[in-house]
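Colleague:
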Amino acid sequence: MNYWLFKTEPDAFSIDDLKGSPKKIAPWEGVRNYQARNYLRDQVKKKDLVLFYHSSCKPTAVVGLAEVVKDGYPDHFAFDPKHKYHDPKSKPESPAWYMVDLKFKEKFSRPISLEELKSHGKLKGMVLLQKGGRLSIQPVSPEHFFYICNLAGAKTVSG
1 MNYWLFKTEP DAFSIDDLKG SPKKIAPWEG VRNYQARNYL RDQVKKKDLV
51 LFYHSSCKPT AVVGLAEVVK DGYPDHFAFD PKHKYHDPKS KPESPAWYMV
101 DLKFKEKFSR PISLEELKSH GKLKGMVLLQ KGGRLSIQPV SPEHFFYICN
151 LAGAKTVSG
């Protein structure tokens, strides 16, 4: 099993949007960065756990947990000329972009802000906290994942 941090802007798709999705499952579409795409295509797998991170808001914070319920598959929105994520270079026979399906697990009782994360020495080396750690899909070590879950008082996982 792998552990990840997925960033989203809450006004685009929030933890509450995931929770409110049919069966609490939604596709994680629209990723248009090649390194993040490679993670979705090659490494993010069913049953992996995800820290759900709200970015471009105040405060930026880890706000909950999700589980990957479907391995990476072509982002079909890239093929639709009417969709905001359309990419004319991406073709069904050679897709450029991938997505996974996530299932809501838990909304934390309190957000764990970026400032708070930075204050914990045990999180040293976490991609999110490194200079340039702006990628929307990031691997997280099991130690860092469970440390953050414990900080948040997560009920659905323990480490």
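Each residue of the sequence shown is one higher than the last, beginning at 1 in the UniProt record's numbering. Note that beta-carbon positions come from the ideal geometry of N, C-alpha and C, so glycine has one too.
1. Cβ of PHE108 within 7 Å of Cβ of GLY72?
2. Within the chosen definition, does the segment 53 to 64 reach the segment 7 to 15 through at least 3 CB pairs nearer than 8 Å?
3. May I have the straight-line CA-CA distance separating GLY121 from VAL62, to the nearest angstrom?
4. Between the alpha carbons of TYR3 and LYS89, how many angstroms are there, rounded?
5. Within the same chain, show all residues whose beta-carbon is closer than 6 Å to that of CYS149, passing over the 5 residues directly before and after it, in chain order.
6. If you follow the alpha helix (DSSP H) that LEU114 is in, where does it begin and where does it stop?
7. Helix, strand or coil for ARG37, going by three-state DSSP, please let me know.
8. Quick check on TYR39: buried or exposed, where buried means 16 or more other Cβ atoms within 10 Å of its Cβ?
9. Contact defined as beta carbons within less than 8 Å: I believe VAL140 pairs with GLY133. What is the distance between those atoms, to the nearest angstrom?
Modeller: Per the coordinate set shown:
1. Locating residue 108 in the sequence shown gives position 108, counting from the first residue. Locating residue 72 in the sequence shown gives position 72, counting from the first residue. Contact flag unset, no.
2. yes
3. Taking the first residue of the sequence shown as 1, we reach residue 121 at position 121. Taking the first residue of the sequence shown as 1, we reach residue 62 at position 62. Those two C-alpha atoms are separated by around 17 Å.
4. Here residue 3 corresponds to residue number 3 of the sequence shown, with the count starting at 1. Here residue 89 corresponds to residue number 89 of the sequence shown, with the count starting at 1. Whole-angstrom Cα-Cα distance: 31 Å.
5. Position 149 of the sequence shown, counted from the first residue, corresponds to residue 149. If we look at CYS149 and ignore the five residues flanking it on each side, its Cβ neighbours are VAL157.
6. Against the sequence shown, residue 114 aligns to sequence position 114. Taken as a continuous stretch (DSSP letters only), the alpha helix (DSSP H) holding LEU114 covers 114 to 118.
7. As a position in the sequence shown, residue 37 is number 37, starting the count at 1. In this structure, ARG37 counts as helix in the three-state DSSP scheme.
8. In the sequence shown, counting from the first residue as 1, residue 39 sits at position 39. That one is buried.
9. Numbered from 1 along the sequence shown, position 140 holds the residue referred to as residue 140. Numbered from 1 along the sequence shown, position 133 holds the residue referred to as residue 133. The Cβ separation is near 11 Å, so there is no contact.
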